[in-house]
Amino acid sequence: MTEESPACPLFPPYISPEDIARHPRFDDAVSNLIDGLANLYGDDRRLVRELSEYGRAVTFMLAICIAMAAEEDRPDTWLTVGRLAQLGALLGLGTERRIRRFVEEMRSDGHLIETPMPGDKRRHRLHPGPRMLEIDREWTVVFHAPLALMMPQEARYQAAISGDPNYHRLYRAASLKTLGLARDNMVEHLAVDSFMHQAGGSRVLAALMRAAQDNPGGWSEAGFYSMAAERSATTRAHVRGMIRAAAAAGYVEIADAPNSRVRATRLLVDDFRSWVAQGLSAIDLVSRFAENASVPMPEPS
């Protein structure tokens with residue numbers, strides 16, 4: 045079953061969060077995404093630490109979306125720090141100064157390339173480099189894989205999980221149409237959001253969700269802080285602080301002595317499942333926009 049948004053009648057039909065949550069393989073899809081989050085970016089500790097945190101991760105992805113949607117005859121659509129800050133404000137990314145700092149980090153890593161603007165050498169256009177696009181395709185695979193598991197006959201999802209560069213370009217260009225949905229999904233899921241806004245947070249959250257699914261009573265194995273610190277490329281103190289803040293908010297329970305075990309509460313588990321359903325619905329919508337794109341997106345510079 046599909047839905048059209050009453051707030052935006054121009055949205056194509058797409059799968060609603062409710063239908064995703066009712067799908068007979070939704071539990072498998074949730075498990076698949078937990079594994080995907082736990083392994084996204086592999087053993088690259090810098091990527092794990094930085095792109096598992098909301099601000100940097102969303103700036104990284106938004107830069108690619110802007111670049112993929114840019115029209116060559118409209119400089120106002122090109123990827124620049126100003127354009128990134130303008131759209132980033134819709135997603136709560138903060139000030140232009142903060143965005144500029146993220147951009148400088150991406151330039152230093154070789155992910156973003158800059159070229160002078162025609163007619164004004166003081167201003168620069170930004171372009172995602174090959175490695176940046178490769179990294180983002182990893183994200184695309186992970187977040188489409190649950191949909192491909194539930195609906196293996198859907199060609200769009202198969203293109204995504206195969207890492208098809210053309211699908212990736214179209215998908216990222218279309219993502220600009222649904223920034224409001226992306227923002228709403230985080231705002232409406234405060235428990236998940238509390239992890240996602242911290243360095244390595246998505247991997248710590250994935251570890252909690254895996255324990256909730258696999259272990260008796262939902263408790264983690266002993267030594268959770270050390271294990272999660274290693275998995276999230278952070279420190280034991282960082283994870284301990286994250287977990288204690290989550291406990292104060294009612295999202296986890298802690299059994300500190302003698303084994304440092306942690307358990308996600310029903311509030312966090314339910315919030316995560318709702319976040320997954322809403323997120324997969326939004327991904328299906330963006331994928332529909334990409335499928336309906338009548339003009340191929342330009343190759344990245």
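Just add 44 to the spot in the sequence shown (first one is 1) and you have the numbering used here.
Where a beta carbon is used, it is the ideal one built from N, C-alpha and C, also for glycine.
These figures come from a predicted structure and were not determined experimentally.
Taking only the alpha-carbon atoms, compute the straight-line gap between Ala337 and Met105 and give it to the nearest angstrom.
Whole-angstrom Cα-Cα distance: 20 Å.
Taking Val296 and Ala308 to be in contact with their CB atoms under 8 Å, please state how far apart those CB atoms are, rounded to whole angstroms.
That belief holds up - the Cβ atoms of Val296 and Ala308 are roughly 6 Å apart, short of 8 Å.
Are the CB atoms of Met194 and His67 within a distance shorter than 8 Å?
When the beta-carbon positions are compared, His67 and Met194 come within less than 8 Å of each other.
So who's on the other strand from Met161, going by DSSP bridges?
Assignment of beta-bridge partners to Met161 by DSSP yields Asp164.
Candidates Met150, Leu191, Ala113 and Tyr85: closest to Arg100 by CA position
Checking every option, the nearest Cα to that of Arg100 belongs to Met150.
By a C-beta neighbour count over all protein chains shown, 10 Å radius and 16 as the cutoff for buried, is Pro344 buried or exposed?
Because the pLDDT of Pro344 is 35, which lies under 50, any placement of that residue in the model is unreliable, and the question is left without a value.
Which first and last residues belong to the beta strand (DSSP E) in which Ser305 is found?
It is Arg, not Ser, that sits at residue 305 in the sequence shown. Where Arg305 is concerned, the enclosing beta strand (DSSP E) stretches over Arg305 to Ala308.
Whole angstroms is fine: what's the gap from Asp117's alpha carbon to Ala250's?
Distance between the alpha carbons of Asp117 and Ala250 is about 43 Å.
Simplified DSSP state of Pro302, which is helix, strand or coil:
Pro302 falls in the coil class under three-state DSSP.
Check this for me: beta carbons of Ile64 and Ser325, under 8 Å apart or not?
In this structure, Ser325 lies closer than 8 Å to Ile64 by Cβ.
Quick one: Cα of Met161 to Cα of Gly294, how far?
Cα-Cα distance, rounded: 51 Å.
Pairwise C-alpha distance: Pro260 and Met112:
The alpha-carbon atoms of Met112 and Pro260 are separated by roughly 46 Å.
Give the DSSP-derived three-state secondary structure of Arg144 in the structure shown.
In the three-state DSSP reduction, Arg144 falls in the helix class (H, G or I).
Go ahead and label Asp15 buried or exposed: buried means 16 or more other beta carbons lie within 10 angstroms of its beta carbon, across all protein chains shown.
The question about residue 15 has no answer here: the residues shown for the chain are numbered 45 through 345.
Contact set for Leu220: own chain, Cβ-Cβ below 6 Å, skip 5 residues either direction:
Take Leu220, set aside five residues on each side of it, and the residues of its chain with a beta-carbon closer than 6 Å to its own are Cys109 and Ala113, in chain order.
Start-to-end residues for the alpha helix (DSSP H) that takes in Ala337
Counted as a single uninterrupted DSSP element, the stretch harbouring Ala337 is not any alpha helix (DSSP H), since DSSP gives it neither H nor E.
Gln197 versus Leu191: straight-line alpha-carbon distance, rounded:
Rounded to whole angstroms, the gap between the alpha carbons of Gln197 and Leu191 is 10 Å.
What does DSSP give as the partner residue(s) for Arg169 in the beta ladder?
DSSP links Arg169 through a beta bridge to Thr159.
DSSP three-state label for Glu297, please.
DSSP places Glu297 within a strand segment (E or B) once states are collapsed to three.
Taking only three categories from DSSP, how would you classify Tyr211?
When DSSP states are grouped into helix, strand and coil, Tyr211 belongs to the helix group.
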